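Enquirer:
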Amino acid sequence: MERIQRPRGTYDVTPQEAPRWQALEARIRDVAARFGFGELRTPVIEARELFQRTVGETTDIVQKEMYVLTPPGSDRQLVLRPEGTAAAVRAYLENGLHNGPQPVKLFYIQPMFRHERPQAGRYRQHVQFGVEIFGAGEATADAEIIALAVTLFAELGLEGLEVHLNSIGCPVCRPRYRQALLEYYRPRAAELCSDCRARLETNPLRLLDCKVPADQPHKAGAPRTVDYLCDACRDHFDQLQAALAALGIAYRLDSGLVRGLDYYTRTVFEIKYGGLGAQDTVCGGGRYDGLIELLGGPPTPGVGFGMGLERLLLTLEALGRVPGAARPLHAFVAVTGQVPRARVLALVQDLRRAGLAVDMDHVGRSLKAQLRAAARLPVRYAVILGDEEWAAGQATVRHLESGAQRRVALAELAAALREEAGSPAGEGGADGDGHGSGHGKGHGQGRAEVEAE
Ligand code: ATP
Ligand code: MG
1 MERIQRPRGT YDVTPQEAPR WQALEARIRD VAARFGFGEL RTPVIEAREL
51 FQRTVGETTD IVQKEMYVLT PPGSDRQLVL RPEGTAAAVR AYLENGLHNG
101 PQPVKLFYIQ PMFRHERPQA GRYRQHVQFG VEIFGAGEAT ADAEIIALAV
151 TLFAELGLEG LEVHLNSIGC PVCRPRYRQA LLEYYRPRAA ELCSDCRARL
201 ETNPLRLLDC KVPADQPHKA GAPRTVDYLC DACRDHFDQL QAALAALGIA
251 YRLDSGLVRG LDYYTRTVFE IKYGGLGAQD TVCGGGRYDG LIELLGGPPT
301 PGVGFGMGLE RLLLTLEALG RVPGAARPLH AFVAVTGQVP RARVLALVQD
351 LRRAGLAVDM DHVGRSLKAQ LRAAARLPVR YAVILGDEEW AAGQATVRHL
401 ESGAQRRVAL AELAAALREE AGSPAGEGGA DGDGHGSGHG KGHGQGRAEV
451 EAE
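Mapped onto the UniProt record's numbering, the consecutive letters of the sequence shown carry residue numbers 1 to 453.
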């Protein structure tokens, strides 16, 4: 039978790879909590208009990257969420968070979907860690989220990431800049790529976002947003830089940085790692002071970023900093002879209730094969149960690395494994036993019940 494959541009996370995701997500949750952000979870599907209205009709995401769904019997189109900010604003308004204390600080770790050409660091489903602060227009809020990202990178052991920073102004100063940009680019239109010729008419700011090599020389001489900022935007940008200096965060002013989405105002930033090739932007964000109003809310400033976790993991790998290891088992139970397997499973279950991580053989392999299988697992002890041990109410506990082994009464097994492992899992186990054994006699006797008779 022909095998069916996963869609192009997607990937599976196998149990071998899952620990690095778990470790990364745990680190993110920890940092986010320390910065005072609460988690937001939103649906994978959203109304199409949510992104048309916010991200912008002329952006790549809306023009060519969204997965559009037409539910049976409905004429209301849905899309697979392509980015997190618009969805977060929708949820902020829909759940009345704008009526509570402000600012509201949210984070999410969620998949995004974009129909792009798959390549290294670019997928059709990717996961973003995003943060948003709604209701704080001050530059210290911008600095705080940049500090959050930088703190996360530092705690992951990442070095060599660069913060690129720019201000693209606001509805007061942008029109004047736009005009200057048009005057600069119009005479050069014939030399531009076809996308850029279209941008000239629809979204001139995006001219600076062009990645076509032939268009790069034009960018160098283009007018810079920072030279056209109104006083309020200038002031905000100065304050942001002062805050970053106070935090000791190095950054590079990058006048060519504009970012792909329409809703940005004032601050835009990207954090890049040079070793990733073309897909070198790990984190991108900025301020969007008009967005909440655009979605029907009260005038409310906002600032946030999205961080691509695949690119972050690639960076960690490139630097030899892969986080997380599989959680080891305390023991693998190997069974041989006539020992009743269901009773062994009950014994294993008791150990698990006692808070220990334990696995056993199901498929009737030879003892040798079972021990070989155990040796390939992250596990410290093999618990061997043969006819003789079973009859004596005991087990052979073998330290797999050294081969040292000893007999332990089944009633003492949990305590022995916990003692020998000497790990925090053992402490957790004491708790688990209290809640889980249900035998009401302390864990030693609980185990004895399983093996008695
Ligand atoms: P790019 O310029 O690389 O296409 P973008 O401007 O479209 O990025 P954002 O919309 O700002 O990216 O998303 C925030 C972050 O999410 C990016 O900086 C990147 O790390 C990650 N990201 C975006 N698109 C993808 C993708 N297709 N695959 C993997 N990660 C992605
Ligand atoms: Mg993109």
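Think of the CB as a built atom: it goes at the ideal place given N, C-alpha and C, for glycine as much as any other residue. Since the model is a prediction, treat every value here as computed from it, not as a measurement.
Considering only C-alpha positions, which residue in the set Asp195, Gly160, Cys170, Asp289 is nearest to Arg252?
Expert: Here residue 252 refers to the residue found at position 252 of the sequence shown. Ranking Asp195, Gly160, Cys170, Asp289 by Cα distance to Arg252 puts Gly160 first.
Enquirer: Can you tell me the Cα-Cα spacing of Leu413 and Leu316, whole angstroms?
Expert: Here the question's residue 413 lines up with position 413 in the sequence shown. Here the question's residue 316 lines up with position 316 in the sequence shown. About 40 Å.
Enquirer: Report the residue from Gly324, Val104, Leu40, Asp215 whose alpha carbon sits nearest the alpha carbon of Pro15.
Expert: Taking the first residue of the sequence shown as 1, we reach residue 15 at position 15. Minimum Cα distance to Pro15 is reached at Gly324.
Enquirer: Between Ile133 and Pro103, is the Cβ-Cβ spacing less than 7 Å?
Expert: Taking the first residue of the sequence shown as 1, we reach residue 133 at position 133. Taking the first residue of the sequence shown as 1, we reach residue 103 at position 103. Yes, the Cβ-Cβ distance between Ile133 and Pro103 is below 7 Å.
Enquirer: If you count every other CB in all the chains shown that lies within 10 Å of the CB of Val13, and 16 or more means buried, which is it?
Expert: Along the sequence shown, read from residue 1 onward, the residue named residue 13 stands at position 13. So Val13 ends up on the exposed side.
Enquirer: Rounded C-beta distance between Thr267 and Val303? I'm assuming under 8 Å.
Expert: For this step, residue 267 is matched to residue 267 along the sequence shown. For this step, residue 303 is matched to residue 303 along the sequence shown. Contact flag correct, Cβ pair sits at about 7 Å.
Enquirer: Rounded to whole angstroms, what is the Cα-Cα separation between Arg176 and Tyr228?
Expert: The residue labelled residue 176 in the question sits at position 176 within the sequence shown. The residue labelled residue 228 in the question sits at position 228 within the sequence shown. Approximately 7 Å, taken between the alpha carbons.
Enquirer: Say the cut is 6 Å; is the CB of Val282 nearer than that to a heavy atom of the ligand ATP?
Expert: The residue you call residue 282 lines up with position 282 of the sequence shown. The answer is yes for Val282.
Enquirer: Please classify Ser167: does DSSP put it in a helix, a strand, or coil?
Expert: As a working mapping, residue 167 is identified with position 167 in the sequence shown. The answer is strand: DSSP assigns Ser167 an E or B state.
Enquirer: Tell me whether the beta-carbon of Gly137 lies closer than 7 Å to the beta-carbon of Pro301.
Expert: Against the sequence shown, residue 137 aligns to sequence position 137. Against the sequence shown, residue 301 aligns to sequence position 301. It is a contact, given that the beta carbons lie within the stated cut-off.
Enquirer: Report the partner residues of Tyr108 according to the DSSP bridge assignment.
Expert: In the sequence shown, counting from the first residue as 1, residue 108 sits at position 108. DSSP lists Gly130 as partners of Tyr108.
Enquirer: Counting pairs of Cβ atoms below 8 Å between the segment 50–59 and the segment 261–279, do you hit three or more?
Expert: A contact exists between the segment 50–59 and the segment 261–279.
Enquirer: May I ask you to check if the CB of His115 is nearer than 6 Å to at least one heavy atom of the ligand ATP?
Expert: Taking the sequence shown and counting its residues from 1, the one referred to as residue 115 is at position 115. Flag unset: Cβ of His115 not near the ligand ATP.
Enquirer: Just to confirm, does Glu159 get its C-beta within under 6 Å of one of the non-hydrogen atoms of the ligand ATP?
Expert: Stepping through the sequence shown from its first residue, residue 159 is reached at position 159. For the ligand ATP, not one heavy atom lies less than 6 Å from the Cβ of Glu159.
Enquirer: What does a CB cutoff of less than 6 Å around Phe237 pick up in its chain, not counting 5 residues either side in sequence?
Expert: If you number the sequence shown from 1, residue 237 lands on position 237. So the qualifying residues of the chain are Ser167.
Enquirer: Would you say Cys230 and Cys193 are within 7 Å of each other, going by their C-beta atoms?
Expert: To locate residue 230, count along the sequence shown from 1; it is residue 230. To locate residue 193, count along the sequence shown from 1; it is residue 193. No, the Cβ-Cβ distance between Cys230 and Cys193 is not below 7 Å.
Enquirer: For Thr202, I'd like the list of residues in its chain whose CB is within less than 6 Å of its CB, leaving aside the five on either flank, ordered along the chain.
Expert: Locating residue 202 in the sequence shown gives position 202, where the first residue counts as 1. Taken in chain order, the residues that qualify are Thr58.
Enquirer: Can you tell me which of the three DSSP states Ser423 falls into?
Expert: Position 423 of the sequence shown, counted from the start, is the residue given in the question as residue 423. Note that Ser423 has pLDDT 44, beneath the 50 cutoff, so the model's placement of it is unreliable and no number is given.
Enquirer: How far does the alpha helix (DSSP H) with Leu247 in it reach, from first residue to last?
Expert: For the purposes of this step, residue 247 is taken as the residue at position 247 of the sequence shown. 231–247 is the span of the alpha helix (DSSP H), which, as asked, contains Leu247.
Enquirer: For Arg380, count the other beta carbons within 10 Å of its own beta carbon; 16 or more makes it buried, fewer makes it exposed. Which is it?
Expert: As a first step, residue 380 must be located in the sequence shown, where it is residue number 380. It is buried - the Cβ of Arg380 has at least 16 other Cβ atoms within 10 Å.
Enquirer: Give me, in chain order, the residues of the same chain whose beta-carbon lies closer than 7 Å to that of Ala243; leave out the 5 immediate sequence neighbours on both sides.
Expert: Taking the first residue of the sequence shown as position 1, residue 243 is located at position 243. Excluding residues within five positions, the ones whose Cβ falls inside 7 Å are Ala139, Thr140, Ala143.
Enquirer: Would you say Arg311 touches the ligand ATP, meaning its beta carbon is less than 6 Å from a heavy atom?
Expert: As a first step, residue 311 must be located in the sequence shown, where it is residue number 311. True, at least one ligand heavy atom lies under 6 Å from that Cβ.
Enquirer: For a quick check, are the C-beta atoms of Val31 and Thr151 less than 7 Å apart?
Expert: Within the sequence shown, numbered from 1, the residue matching residue 31 stands at position 31. Within the sequence shown, numbered from 1, the residue matching residue 151 stands at position 151. Yes, Cβ-Cβ distance for Val31 and Thr151 is below 7 Å.
Enquirer: At a cut-off of 6 Å, is Glu83 close to the ligand ATP when judged by its beta-carbon and the heavy atoms of the ligand?
Expert: The count along the sequence shown starts at 1 and reaches residue 83 at position 83. Yes - the ligand ATP has a heavy atom lying nearer than 6 Å to the Cβ of Glu83.
Enquirer: In the DSSP assignment, find the unbroken beta strand (DSSP E) run with His399 in it and report its ends.
Expert: Along the sequence shown, read from residue 1 onward, the residue named residue 399 stands at position 399. Residues 394–399.
Enquirer: If we call anything under 7 Å between Cβ atoms a contact, is Ile271 one with Ala334?
Expert: By one-based count along the sequence shown, residue 271 stands at place 271. By one-based count along the sequence shown, residue 334 stands at place 334. The answer is no: Cβ separation not under 7 Å.
Enquirer: I'd like the list of long-range same chain contacts for Ala373, defined as Cβ closer than 8 Å, with 5 residues on each side in sequence excluded.
Expert: Residue numbering aside, residue 373 sits at position 373 when the sequence shown is read from its first letter. Within the same chain, Ala373 has close Cβ partners Phe332, Asp361, Arg365.
Enquirer: Under the criterion of a Cβ to heavy atom distance below 6 Å, does Tyr123 qualify as lining the ligand ATP?
Expert: The residue you call residue 123 lines up with position 123 of the sequence shown. Within the cutoff, so yes.
Enquirer: Output the residue ranges of the beta strand (DSSP E) runs that lie fully inside the segment 25–50 and measure 3 residues or longer, sorted by chain position.
Expert: Fully enclosed beta strand (DSSP E) runs of 3 or longer: 45–47.
Enquirer: Per DSSP, Gly306 is paired with what?
Expert: Locating residue 306 in the sequence shown gives position 306, counting from the first residue. Per DSSP, Gly130, Gly284.
Enquirer: Based on Cα-Cα distance, which residue from Arg178, Ala278, Gly274, Phe269 lies nearest to Pro213?
Expert: Within the sequence shown, the letter at position 213 stands for residue 213. For Pro213, the nearest C-alpha among the options comes from Ala278.
Enquirer: Does any heavy atom of the ligand ATP sit closer than 6 Å to the C-beta of His98?
Expert: If you number the sequence shown from 1, residue 98 lands on position 98. Result no, Cβ not under 6 Å from the ligand ATP.
Enquirer: Can you give the Cα-Cα distance for Glu17 and Gly36, rounded to whole angstroms?
Expert: Indexing the sequence shown from 1 puts residue 17 at position 17. Indexing the sequence shown from 1 puts residue 36 at position 36. Taking the straight line joining both Cα atoms gives about 29 Å.
Enquirer: Going by C-alpha to C-alpha distance, which of Gln119, Arg27, Glu65 sits closest to Gly157?
Expert: Sequence index remark: in the sequence shown, residue 157 carries index 157 (1-based). Checking every option, the nearest Cα to that of Gly157 belongs to Arg27.
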